[in-house]
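For any residue, its number in the working numbering is found by taking its place in the sequence shown, counting from 1, and adding 23.
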Amino acid sequence: MRLATSANEPYTASLAVSELLGFKECGGGSGQDEVHGPGAGTVGGYRAKLPGLHRGRGLGLVASPPSHPNSFGERSLRRATVEQPPGPGCPVGASRVGLRSSGEGAACDGNQEYYCIITVASKRTFEVSKTLKDAHKSPTLEPDFLAVFKELGIRIPRPLGHGPSRFIPEKEILQVGSEDAQMHALFSDSFAALGRLDNITLVMVFHPQYLESFLKTQHYLLQMDGPLPLHYRHYIGIMAAARHQCSYLVNLHVNDFLHVGGDPKWLNGLENAPRKLQNLGELNKVLAHRPWLITKEHIEGLLKAEEHSWSLAELVHAVVLLTHYHSLASFTFGCGISPEIHCDGGHTFRPPSVSNYCICDITNGNHSVDEAQVNTAGNVSVSDSFFEVEALMEKMRQLQECRDEEEASQEEMASRFEIEKRESMFVFSSDDEEVTPARDVSRHFEDTSYGYKDFSRHGMHVPTFRVQDYCWEDHGYSLVNRLYPDVGQLIDEKFHIAYNLTYNTMAMHKDVDTSMLRRAIWNYIHCMFGIRYDDYDYGEINQLLDRGFKVYIKTVVCTPEKVTKRMYDSFWRQFKHSEKVHVNLLLIEARMQAELLYALRAITRYMT
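Encoded structure:
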């Protein structure tokens, strides 16, 4: 944890301590907002209160008891401008950390900016305020804060793992405070919309153009006007993420669900949610694992459920949310996103050892950065991986020459598609094992044994979906935009950015046309879902995507909860981490589009 040390330095860190109560934002007034709850009291004889701040000039935080037993309260530090701070006289304690009394304020003059955090412990409540003038004097206030916490008997958590991703070294991820103006604006927008700067954002920012589109779309789906109430949106996000056992996303949306007034009883299990949401469980299950099985009967069952019926507009909103969070679960696992310190699995109270990690960290895969990077790609030499890049470049050149010389017949391309689709059914990792979902995640969905594996290993046939008969551009886009205005445009923009995004580089090579490779990745994912493009030669896929890469793609898209660091390290070993994140963007958008095509086609068939 650190504070900004100058007035124009951005700050977006979060702080969490043990036994915290939840926080909620409140509109400011001109008076004092008293802290309520079991932690309310005094610290050093000073009443714990927060001066109300007018909306737009600052942020008021009021402590409230947690609405859910699993919640772990936290609030990122926010910069707040106080135009008329209370008078002087605040006693100072614990190395210049001010404790503001109820009657008197922190000593300061004129218009100044404060960094404030209210931390409510189970036995003590206090407010820490710090002026920027004092911040200039001290490069870091971490020891000061920690001293206060320790004096109050609060155990101090430390993060498990190193940085936002378990797969990407922390030093290669953009550090908050070192971003340029464009990225700082993205961080600010994300923080303003979500109330946090999460690790997904910190990894996606490798590609700012995509991140901007992603944040805009997600903000619209969750917070702007739409057919579904806000708490339904977050609960559907929980249902979708739980389908892939993504506790990271589940925990984020549990907190958001409670924040917008959701009923805590719903979190005890899907059976405690309204029948209307329970009915959505079947569509969630099929859409996540076998979308080709969705029929107009699924749609009819939801739209004609008497008092529990969905409207068409509500159903389209729900479908977009389900596909969004199925895909985001793929990104979370595919990039090894680590939970933030305040989340389950993101912290420990064990003291660090001399080597900065203990044996429990090793067994949980939380090695030090250097340790985690040693020989994880199977002892492949640098020269071997270099030649892999050169071989891939040569294959792309040869395929382009073949395209120019001759074109396969429609019959031949159809045959190659069927071969690739059939072979994709049997692409699995050698260490593929059943993952048993934890109770805190599995309670949000039904039929835990249902998955993609069942289909592939029983040799069931995937019917062919011809894009020429029903496609996103000509059919899906207009249907979504008609029933949920503006969302079709946002999703379409995101698809196009992901598909066309290029920096014309491949590993150490520059000025490379990567369109052939990007199309092969996109079409391979659609092929796994039975979707065929008549004008594409599927023979190119086997030329450009080796088995290790196919294993990674299929695992991320179909069973993301089984992705391992070994899989991530084993493909494209000479490529940059930013390029591997780029691959993940292609994977999640191709997956989302595939799910949408099947669901929207079923809705169209119902309507006609």
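No residue lacks a Cβ here, since even glycine has one placed at the ideal position from N, Cα and C.
Beta-carbon separation (whole angstroms), residue i vs residue j, contact threshold 8 Å
i       : j       : result
Tyr-621 : Pro-250 : Their Cβ separation, rounded to whole angstroms, is 21 Å, which puts Tyr-621 and Pro-250 out of contact at 8 Å.
Ser-213 : Leu-238 : 5 Å
Ile-564 : Tyr-547 : 5 Å
Gln-433 : Asp-557 : 7 Å
Arg-541 : Tyr-522 : 7 Å
Asn-307 : Ala-263 : 6 Å
Leu-253 : Val-273 : The pair is not a contact, with the Cβ atoms about 17 Å apart (cut-off 8 Å).
Leu-502 : Thr-371 : Wrong, their Cβ atoms sit about 48 Å apart, outside the cutoff.
Thr-318 : Ala-625 : 6 Å
Gly-562 : Ser-593 : Contact doesn't hold; Cβ gap of about 24 Å is too wide.
Val-574 : Arg-614 : No, Val-574 and Arg-614 are not in contact; Cβ-Cβ is about 16 Å, not under 8 Å.
Gln-566 : Val-412 : Not a contact, Cβ separation roughly 15 Å.
Leu-290 : Val-277 : 6 Å
Tyr-629 : Glu-323 : 6 Å
Val-485 : Lys-418 : Not confirmed; about 27 Å, so no contact.
Pro-182 : Gly-368 : Actually they do not touch by this definition, with Cβ atoms about 10 Å apart.
Leu-275 : Leu-303 : With a Cβ gap of about 20 Å, Leu-275 and Leu-303 do not count as contacting.
Phe-440 : Arg-555 : 5 Å
Counterpart residues of residue i in DSSP-defined beta bridges
i       : result
Ile-360 : Ser-188
Met-644 : This structure does not reach residue 644, given that the chain is present from 24 up to 631, and the question cannot be answered.
Phe-354 : The partner list for Phe-354 (beta bridge, DSSP) is empty, contrary to what the question assumes.
Phe-594 : Beta-bridge pairing links Phe-594 to no other residue.
Ile-544 : Looking at the DSSP assignment, Ile-544 forms no beta bridge with any residue, so it has no partner.
Arg-555 : Arg-489
Buried versus exposed call for residue i [16 or more other C-beta atoms within 10 Å across all chains shown]
i       : result
Tyr-680 : Examination of residue 680 is not possible in this model, given that the chain is present from 24 through 631 alone.
Ser-447 : buried
His-365 : buried
Asp-536 : exposed
Lys-603 : buried
His-605 : buried
Ser-420 : The identity of residue 420 in the sequence shown is Arg, whereas the question assumes Ser. It is exposed - the Cβ of Arg-420 has fewer than 16 other Cβ atoms within 10 Å.
His-267 : buried
Tyr-526 : exposed
Gly-474 : buried
Thr-631 : exposed
Ala-208 : exposed
Asp-248 : exposed
Glu-435 : exposed
Arg-298 : exposed
Ile-611 : buried
Thr-104 : Below a pLDDT of 50, predicted positions are generally treated as unreliable, and Thr-104, at 32, falls in that range; the measurement from the model is reported next regardless. Answer is exposed; the Cβ neighbour count stays below 16.
Ser-538 : exposed
Arg-489 : exposed
Ser-361 : buried
Gly-499 : buried
Lys-549 : In the sequence on display, residue 549 carries His and not Lys. Buried, by the Cβ-count rule.
Met-531 : exposed
His-331 : exposed
Asp-279 : buried
Glu-235 : buried
Ala-543 : buried
Gly-176 : exposed
*Taking contact to mean at least 3 C-beta pairs separated by less than 8 Å, is the region 571–589 in contact with the region 352–371?*
Touching, yes.
_Does the contact criterion of 3 or more C-beta pairs under 8 Å hold for the region 226–242 versus the region 256–263?_
The region 226–242 vs the region 256–263: no contact.
_Please give the ranges of any alpha helix (DSSP H) in the region 267–324, keeping only runs that are unbroken, at least 4 residues long and fully inside the region._
Runs of the alpha helix (DSSP H) inside the region 267–324: 270–282, 298–312.
_Contact the region 239–246 vs the region 500–519: 3+ CB pairs below 8 Å_ = In this structure the region 239–246 lies against the region 500–519, because at least three pairs of beta carbons, one per stretch, are closer than 8 Å.
*Check whether the region 202–212 touches the region 185–193, counting contact only when three or more Cβ pairs, one atom from each stretch, lie closer than 8 Å.*
Short answer: they don't touch.
*Do the region 338–345 and the region 355–362 touch if we need at least three Cβ pairs shorter than 8 Å?*
The answer is no - the region 355–362 does not touch the region 338–345, with fewer than three Cβ pairs under 8 Å.
_I'd like the ranges of any beta strand (DSSP E) spanning at least 3 consecutive residues and lying wholly in the region 195–251._
Counting whole runs of 3 or more residues, the region 195–251 contains no beta strand (DSSP E) stretch at all.
*Output the residue ranges of the beta strand (DSSP E) runs that lie fully inside the region 595–628 and measure 3 residues or longer, sorted by chain position.*
Listed in chain order, the beta strand (DSSP E) elements of length 3 or more contained wholly in the region 595–628 amount to none.
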